[in-house]
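Going by this note's numbering, the sequence shown runs without a break in its numbering and finishes at 667.
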Amino acid sequence: MDAIKHGTTTLIDHHASPNYIDGSLDIIADAVDKSGLRGVLCYEVTDRDGIDKASAGISENVRFLKRLAAEPHPRLAGTFGLHASLTLSGATLQACRAAAPEGTGFHIHTAEHQADEYDSLQKSNMRVIDRLQKHNILGPNTITAHGVHFDAREMEILKETGTWLSHQPRSNMNNGVGVAQIESMMRMGIKVCLGNDGFTNSMWDEWKTAYLLHKVEHRDPRRMGGYDVQQMAIYNNAALASVFFPAAPIGQIVPGAVADLIFVDYHPHTPLTEGNLPWHIIFGFQQSMVASTMVAGKFVMKNRELLTLEEAEIAARAKEIAPRVWKKYEEEVAKVM
Numbered sequence: 331m332d333a334i335k336h337g338t339t340t341l342i343d344h345h346a347s348p349n350y351i352d353g354s355l356d357i358i359a360d361a362v363d364k365s366g367l368r369g370v371l372c373y374e375v376t377d378r379d380g381i382d383k384a385s386a387g388i389s390e391n392v393r394f395l396k397r398l399a400a401e402p403h404p405r406l407a408g409t410f411g412l413h414a415s416l417t418l419s420g421a422t423l424q425a426c427r428a429a430a431p432e433g434t435g436f437h438i439h440t441a442e443h444q445a446d447e448y449d450s451l452q453k454s455n456m457r458v459i460d461r462l463q464k465h466n467i468l469g470p471n472t473i474t475a476h477g478v479h480f481d482a483r484e485m486e487i488l489k490e491t492g493t494w495l496s497h498q499p500r501s502n503m504n505n506g507v508g509v510a511q512i513e514s515m516m517r518m519g520i521k522v523c524l525g526n527d528g529f530t531n532s533m534w535d536e537w538k539t540a541y542l543l544h545k546v547e548h549r550d551p552r553r554m555g556g557y558d559v560q561q562m563a564i565y566n567n568a569a570l571a572s573v574f575f576p577a578a579p580i581g582q583i584v585p586g587a588v589a590d591l592i593f594v595d596y597h598p599h600t601p602l603t604e605g606n607l608p609w610h611i612i613f614g615f616q617q618s619m620v621a622s623t624m625v626a627g628k629f630v631m632k633n634r635e636l637l638t639l640e641e642a643e644i645a646a647r648a649k650e651i652a653p654r655v656w657k658k659y660e661e662e663v664a665k666v667m
């Protein structure tokens with residue numbers, strides 16, 4: 331619902347529900363299908379909750395991938411979820427690689443915090459990306475998120491393997507983990523996309539944050555230009571989506587492309603040209619300006635009215651459930667305090 335209202339047509343999601351693993355991806359897939367959106371789903375495998383739940387996470391990824399192979403869906407795809415190097419033993423990484431169907435890529439958090447690198451060095455005497463490469467996790471179908479603390483060698487490995495990187499500026503700011511060397515990676519030819527780490531679905535806010543954050547980090551207003559943000563958010567994001575949905579071009583207005591369109595109620599006060607589009611988006615667009623959202627030729631929102639989901643019903647249900655979730659969380663925290 332939030333994605334539709336913000337003009338997002340494709341979700342690449344990294345899910346975890348350690349107390350409800352089996353079948354969890356089906357529930358999410360059903361919700362994505364009902365909404366009319368396009369989704370790439372996975373379950374994050376981790377050793378944090380013990381070996382049994384790690385095994386259950388592996389099984390859930392495999393089960394869902396096999397389901398999609400047997401029953402292809404034009405708007406649903408899957409990948410293999412991993413939490414992060416620091417919560418995965420070598421044995422679990424090996425088990426994930428062995429279980430993943432041929433050609434399957436992975437979706438994993440990498441070097442979001444320095445602790446991930448320290449842990450990897452302690453476990454294996456290798457940095458995070460070296461360790462993942464050893465276990466054959468990287469490649470052109472794999473997404474690494476964050477990469478805040480990569481060194482030059484890790485960046486080179488990403489380039490050599492064709493692995494994707496997703497930049498989450500607002501999430502990184504919120505968690506206080508640092509700022510990734512995005513411009514350097516883009517200049518090297520690494521495929522860098524713009525994501526949100528589930529922070530919110532307001533991708534135009536992510537555009538603006540990426541544009542501003544790197545200027546502050548480097549004390550230089552020339553850093554992270556509008557075209558760099560555009561390259562990540564438009565062209566690279568569309569190319570990543572096309573990895574999972576290769577049947578027709580995504581994110582392009584050309585004959586034969588998927589009809590994903592958003593209609594924005596934007597009335598610029600200065601001319602809008604090919605040369606200044608990124609700055610109009612960064613400084614002019616607001617999520618409330620999205621009037622209509624179309625996915626695969628079908629309107630899922632028209633004139634700000636959701637057509638596939640009942641917003642009032644969903645909001646009421648969420649308000650009913652939230653206090654129970656908060657209470658359970660407080661009870662669990664109290665057990666370990």
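Beta carbons: idealized from backbone N, C-alpha and C, even for Gly.
Nearest to residue i by CA position, among the options, is which residue?
i    : options                   : result
N502 : P653, E484, H479 and A646 : H479
S532 : T417, A386 and S618       : S618
R500 : M485, E513, R552 and G525 : G525
L468 : E643, N633, M485 and V588 : M485
K335 : V625, P653 and L423       : V625
S278 : P551, A407, T417 and M631 : Shown here, the chain extends from 331 to 667; a query on residue 278 therefore has no answer.
L416 : E442, R397, S450 and S385 : S450
I583 : A386, V546, F575 and A568 : A568
Q511 : R654, A475 and Y565       : A475
E604 : L341, K658, L495 and G556 : G556
A295 : V620, T376, S454 and T638 : Because the chain here runs from 331 to 667, residue 295 falls outside it and cannot be looked at.
D590 : V620, L570, F629 and T491 : F629
M331 : V666, R654, A652 and E641 : E641
D460 : N471, T493 and E432       : T493
So, with DSSP's three-state summary, where would you put residue i?
i    : result
I592 : strand
C426 : helix
A556 : According to the sequence displayed, residue 556 carries Gly and not Ala. Note: G556 maps to helix in three-state DSSP.
T539 : helix
M667 : coil
E635 : strand
L406 : strand
G387 : helix
Y373 : strand
A475 : strand
I651 : helix
H345 : strand
R397 : helix
Count the other CB atoms, across all protein chains shown, that sit within 10 Å of the CB of residue i; report buried if there are 16 or more and exposed otherwise.
i    : result
E662 : exposed
V362 : buried
Q560 : buried
R405 : buried
W656 : exposed
G581 : buried
H413 : buried
Q463 : buried
F410 : buried
F394 : buried
A333 : buried
A421 : exposed
A430 : buried
K521 : buried
A445 : exposed
In whole angstroms, what is the alpha-carbon distance linking residue i and residue j?
i    : j    : result
W609 : W537 : 10 Å
Y596 : E374 : 39 Å
Q616 : S572 : 26 Å
H437 : N391 : 11 Å
A428 : M515 : 30 Å
T434 : G369 : 16 Å
L602 : A399 : 44 Å
G337 : A578 : 20 Å
F613 : I381 : 48 Å
Y659 : P598 : 46 Å
K489 : G519 : 6 Å
When the cut-off is 8 Å and only beta carbons count, does residue i lie next to chain B?
i    : result
G605 : Structure shown: chain B not included; a single protein chain is present.
Quiz item: What are the start and end residues of each continuous alpha helix (DSSP H) run of 4 or more residues lying completely inside the segment 413-467, in chain order?
Solution: As far as the segment 413-467 is concerned, its whole alpha helix (DSSP H) runs of at least 4 residues are 420-429, 444-454 and 458-464.
Quiz item: Of all the beta strand (DSSP E) runs that stay within the bounds of the segment 479-531, which reach a length of 3 or more residues?
Solution: Runs of the beta strand (DSSP E) inside the segment 479-531: 494-497 and 521-524.
Quiz item: Which full runs of the beta strand (DSSP E) of 3+ residues lie inside the segment 608-632, going along the chain?
Solution: Counting whole runs of 3 or more residues, the segment 608-632 contains the beta strand (DSSP E) stretches 620-625 and 628-632.
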